[in-house]
Structures are given as C-alpha cells and as structure tokens.
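Novice:
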Amino acid sequence: MSETTVDVGGEPFRISSPDKVMFPEQGWTKLDVVEHFLMCVDGALRGVRDRPVLLKRWNRGVGHDPLFVKRPKGAPRLVDVTFPSARPGQMFVPVDESDVIWMAQQNCLDLNPWNARARDLQHPDELRIDLDPTDEFDFEAAREVAHTVKAVLDDAGLVGWPKTSGNRGIHIYVRLVPEWDFYEVRRAGLALSREVERRHELATTAWWKEERSGVFLDYNQNAWDKTIASAYSIRHTGLVSTP
DNA sequence: GGCACAC
DNA sequence: GTGTGCCAACGCATC
DNA sequence: GATGCG
Ligand SMILES: [Mn+2]
Ligand SMILES: [Mn+2]
408 MSETTVDVGG
418 EPFRISSPDK
428 VMFPEQGWTK
438 LDVVEHFLMC
448 VDGALRGVRD
458 RPVLLKRWNR
468 GVGHDPLFVK
478 RPKGAPRLVD
488 VTFPSARPGQ
498 MFVPVDESDV
508 IWMAQQNCLD
518 LNPWNARARD
528 LQHPDELRID
538 LDPTDEFDFE
548 AAREVAHTVK
558 AVLDDAGLVG
568 WPKTSGNRGI
578 HIYVRLVPEW
588 DFYEVRRAGL
598 ALSREVERRH
608 ELATTAWWKE
618 ERSGVFLDYN
628 QNAWDKTIAS
638 AYSIRHTGLV
648 STP
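With positions in the first sequence counted from 1, the corresponding number in our numbering is that position plus 407.
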C-alpha cells in the first residue's frame, strides 16, 4: 500500500508509505509508528504543545542518518522565531493531536521541542536536566545520579519530573515561571549540575569524552534553540521515552 | 515528503 | 496526471 | 575556520 488513512479525533488523516520499514531489526513500519502516537497522543502532545519543534526525520529508517529540519515549509502551523544566529525563520508549533500525527507522517520518531513556548519564546518554562551515561555505564548509573539530582532540587525547593530518555539515560524537567532568559536558565542548570558533581562520584560535567567517565550532566541542552526528545518519543533503539 | 514546474 | 529537480540544522566548547 | 559533541 502506498497510502492509507487513519482516524485522528474523528477526522481522516493521510499517511503515505504506511508499510515502509522504519525499524528493520524489529520489523516495525511507519504505520506502527503512527499507531504508537495515536495510542499515547495526549501524553505526546503535552510534551510538544505550543513549542517550536526541530523535525528529526528518519526518512530511510533508523539504519540511516536522520534529516534535521528547523524551517519546514508547508507545515500545518508555523510560528515566526528568531534564532541565536539572528536569522529569522518559521518553525512548526504543534497545538493539537493531528499535529503529532503530522510529525509521524514526516517520519519523525523522537519529537524535539524547545524549552520555551510560543507565547514567550525568549523565556524557557522548563529547566531540563539531561543525564547521559558514558559508554561504560548504563541506566542504573543514571538512576543513581538522578537520586542526587532530586536531593539538590529538594534543597533548592524545586520539583523535578523524571522520565527515561529511551536510550540509556534519564531526563528530569523542572517547571519554571517564564521569567529568565536562556542564558540564565542554562547557568542555573550548570550550577545545579556542579553541585550534583560534588555530591556524587559518578556525576561529571566534563565536556570532552576523554575526560568523562560516569554520568554526563548535559546542561548545555538548555541553550537557545537546543532540544531534548520529549515524552513518548520513540528512540532509534525502539525504546520509548517514558515518564 | 512536498512543492514548483515542465510535459 | 506523471516525471524531474530541488530543498530541508545548528549551539556550545575548544584550539 | 575547523573539530568534537550533542
Ligand atoms: Mn540524553
Ligand atoms: Mn545529551
């Protein structure tokens, strides 16, 4: 079949190449991906709603490099944004269920939203703590460091909301009043990360892989025009980012 | 994948 | 209606 | 500007 239609909130939605194999190892197709997002569309939308998204299009499946698209001409919803480079552009900003399915139609597996919303694109409403185990470490190491993150957040009177990344790591999000700019939020992430580094043997903020061993606290993901895979994203492993 | 533009 | 060519990322660290 | 990293 070169084309089919799925029901999204009572409306038909066209899906091209539904039989295209996206995950050769598991045999999962594009239609399987669409059905995943239909199944958890409320949660997936919660993660991307009103946020500019970087489209990461796995057009040839997970065995090949994805195509990154920041300015998708012809998206159902486009919002004017300014990039750090000062180049203007229009990014896709999902607002409803069909917008999530549109990303699946574009061969997106992991959804990559900004940490700021359209109503105030200069002030993030999420501080994101990205825990990346180095090659010799696994999820269990990330889980241990996450406990230290919780201790530091508790001391600061902040609340962290954790999820698996879908790879080997963990993401912890802190809701913010959109009152600080990207630089300030990133510096807060750095300060928090340094404190975690002091308290936990495995935690590191070293940028160079050679100088890293344990769990990398990737605070730079809080920069302007940087993104992290949101909840219910499917990663190239086939695992799903799960709150 | 989608669009503009032949043909 | 079908075929073809073309387009679609970038921030931060470091040297 | 180029390379490493995400
Ligand atoms: Mn990560
Ligand atoms: Mn990372």
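Heads up, the beta-carbon is just placed ideally off N, CA and C, and yes, glycines get one too.
So, is Y590 buried or exposed, given that buried needs 16 or more other C-beta atoms within 10 angstroms?
Specialist: Result: exposed.
Novice: In the DSSP assignment, what residue or residues form a beta bridge with G496?
Specialist: Answer is V488.
Novice: Mind checking whether the beta-carbon of H414 lies closer than 7 Å to any heavy atom of ligand 1?
Specialist: Looking at the sequence itself, residue 414 is Asp, so the reference to His does not match. No; taking the cut-off as 7 Å, the Cβ of D414 has no heavy atom of ligand 1 nearer than that.
Novice: For A549 and V415, I'd like the C-alpha separation in whole angstroms.
Specialist: One C-alpha to the other measures close to 36 Å.
Novice: Ligand 2 heavy atoms versus the CB of D371: any closer than 7 Å?
Specialist: For residue 371 there is no data in the structure shown, the boundaries of the chain being 408 and 650.
Novice: What separation, rounded to the nearest whole angstrom, lies between the Cα atoms of P650 and W568?
Specialist: About 8 Å.
Novice: Taking F475 as the reference, which of L516, N466, L462 has the closest Cα?
Specialist: The residue with the shortest Cα to Cα distance from F475 is L462.
Novice: Pull up the CB-CB distance for N519 and K437, whole angstroms please, since I reckon it's below 8 Å.
Specialist: With a Cβ gap of about 19 Å, N519 and K437 do not count as contacting.
Novice: Leaving out five residues before and five after R593 in sequence, what residues of the same chain have Cβ atoms less than 8 Å from its Cβ?
Specialist: If we look at R593 and ignore the five residues flanking it on each side, its Cβ neighbours are Y626, N627, N629, A630.
Novice: Evaluate contact between the stretch 436 to 450 and the stretch 411 to 427, counting only Cβ atoms and requiring at least three cross-stretch pairs below 8 Å.
Specialist: Because the criterion of three Cβ pairs below 8 Å is met, the stretch 436 to 450 and the stretch 411 to 427 touch.
Novice: Since R642 and N574 are thought to touch, with beta carbons under 8 Å apart, how far apart are those beta carbons, to the nearest angstrom?
Specialist: Sure, about 5 Å apart at Cβ, within 8 Å.
Novice: Do you know whose CA, among R494, P495, V502, lies nearest I449's CA?
Specialist: The sequence as given places Asp at residue 449; Ile does not occur at that position. It is V502.
Novice: Considering W509, what are the terminal residues of the beta strand (DSSP E) in which it resides?
Specialist: Premise fails: W509 lies in the alpha helix (DSSP H), 504 to 512, not in any beta strand (DSSP E).
Novice: Taking 7 Å as the cut-off, is the beta-carbon of D539 closer than that to any non-hydrogen atom of ligand 2?
Specialist: For ligand 2, at least one heavy atom lies less than 7 Å from the Cβ of D539.
Novice: Is it a yes or a no for the stretch 420 to 432 touching the stretch 483 to 491, going by three-plus beta-carbon pairs under 8 Å?
Specialist: No, the stretch 420 to 432 is not in contact with the stretch 483 to 491.
Novice: Flag this pair as yes or no: are the beta carbons of S640 and D532 separated by less than 8 Å?
Specialist: Not a contact, by the Cβ cut-off of 8 Å.
Novice: Enumerate in chain order the residues of its own chain whose CB-to-CB distance from V566 is below 8 Å, with the five nearest sequence positions on each side excluded.
Specialist: Result list for V566: L560, V581, R582, in chain order.
Novice: Per DSSP, I396 is paired with what?
Specialist: No information on residue 396 is available, as it lies outside the stretch 408 to 650 that the chain covers here.
Novice: Under three-state DSSP, which class holds H702?
Specialist: No answer is possible for residue 702: it lies beyond the span of the chain, which begins at 408 and ends at 650.
Novice: Less than 8 Å between C-beta atoms, sequence neighbours within five positions excluded: which residues of the same chain meet that for E418?
Specialist: Correct list, in chain order: S505.
Novice: Here's the rule I'm using: 16 or more other beta-carbon atoms within 10 Å means buried, otherwise exposed. How should Q355 be labelled?
Specialist: There is no way to answer for residue 355, as the model of the chain reaches only from 408 to 650.
Novice: Can you say whether E604 is buried or exposed, counting buried as having 16 or more other CB atoms within 10 angstroms of its CB?
Specialist: The residue in question, E604, is buried, as its Cβ has 16 or more Cβ neighbours within 10 Å.
Novice: Note the first and the last residue of the continuous beta strand (DSSP E) segment covering T571.
Specialist: Start and end: 568 to 571.
Novice: So, V500 versus R464, is the Cβ gap smaller than 8 Å?
Specialist: Cβ atoms of V500 and R464: not closer than 8 Å.
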